[in-house]
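Novice: Heads up: take any position in the sequence shown, counting from 1, add 264, and you land on the working numbering.
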Amino acid sequence: MTEYDGGPVGRVSSALVRSGVGDTVRTFPAGVPTASAAAEELECDLAAVTNSLIFDLNGEPLLILASGAARVDTKLVAEHLGEGRIRRASPDFVLKHTGQHVGGVAPVGHPEKIRTLLDESLQKHDLLWAGAGDHNSMFSITYKDLLRITDAEEMPVR
265 MTEYDGGPVG RVSSALVRSG VGDTVRTFPA GVPTASAAAE ELECDLAAVT NSLIFDLNGE
325 PLLILASGAA RVDTKLVAEH LGEGRIRRAS PDFVLKHTGQ HVGGVAPVGH PEKIRTLLDE
385 SLQKHDLLWA GAGDHNSMFS ITYKDLLRIT DAEEMPVR
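Set out below in structure tokens:
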């Protein structure tokens with residue numbers, strides 16, 4: 265069951281509409297809690313699925329939008345940022361800062377703006393898919409629009 269009426273998915277949908285992208289949210293009854301499940305359901309390349317990963321950087325949330333086909337190299341990212349050690353965030357930390365549960369975190373629709381990094385490798389794909397706020401929903405977007413609506417910093421993250 266989704267929370268489309270004002271819950272996390274509704275907030276993501278509203279954020280997409282406000283940004284000019286439009287509501288491209290799709291809901292899947294069987295769920296898409298992982299990048300591989302999403303790629304299979306969407307019949308797309310795993311590398312075109314955008315994972316929204318929350319990390320803890322000195323007590324503040326850091327959102328890294330990374331290809332579902334790759335693992336984020338937190339040491340590389342930390343060296344690039346030069347701001348301290350990046351730690352995997354707890355589920356409670358993720359929920360507190362995004363209003364969304366791990367496995368369904370979207371790039372947008374959070375209570376407050378979160379500093380965001382965008383995996384440069386994602387620009388190889390004409391269309392990306394990202395979580396839309398819960399385990400059952402995804403939305404489509406171009407790399408250019410994802411960069412614009414998240415105000416992300418582009419960088420290699422692997």
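Note that beta-carbon positions come from the ideal geometry of N, C-alpha and C, so glycine has one too.
Report buried or exposed for D356, applying the criterion of at least 16 other Cβ atoms within 10 angstroms of its Cβ.
Specialist: exposed
Novice: Does P293 come out as helix, strand or coil in the three-state DSSP assignment?
Specialist: coil
Novice: Go ahead and pull the three-state DSSP assignment for T362.
Specialist: helix
Novice: Based on DSSP bridge pairs, tell me the residues matched to V313.
Specialist: W393
Novice: Grab me the residues of E267's own chain with a C-beta within less than 8 angstroms of its C-beta, minus the 5 sequence neighbours each way, in chain order.
Specialist: Interpretation of E267 is limited by its pLDDT of 43, a score under 50 that renders its predicted location unreliable; no figure is taken from the coordinates.
Novice: Which residue comes first and which comes last in the alpha helix (DSSP H) that contains D409?
Specialist: 407 to 414
Novice: Are the Cβ atoms of F292 and E307 separated by less than 9 angstroms?
Specialist: no
Novice: So who's on the other strand from T380, going by DSSP bridges?
Specialist: L327
Novice: Are the beta-carbon atoms belonging to T314 and L392 less than 9 angstroms from one another?
Specialist: Contact check for T314 against L392 passes: the beta carbons are separated by less than 9 angstroms.
Novice: Which whole-angstrom value is the C-beta distance of L410 and I378, which I expect to be below 8 angstroms?
Specialist: The pair is not a contact, with the Cβ atoms about 14 angstroms apart (cut-off 8 angstroms).
Novice: Kindly indicate which residue of E376, A312, A334, A302 has the alpha-carbon position closest to the one of G368.
Specialist: A302
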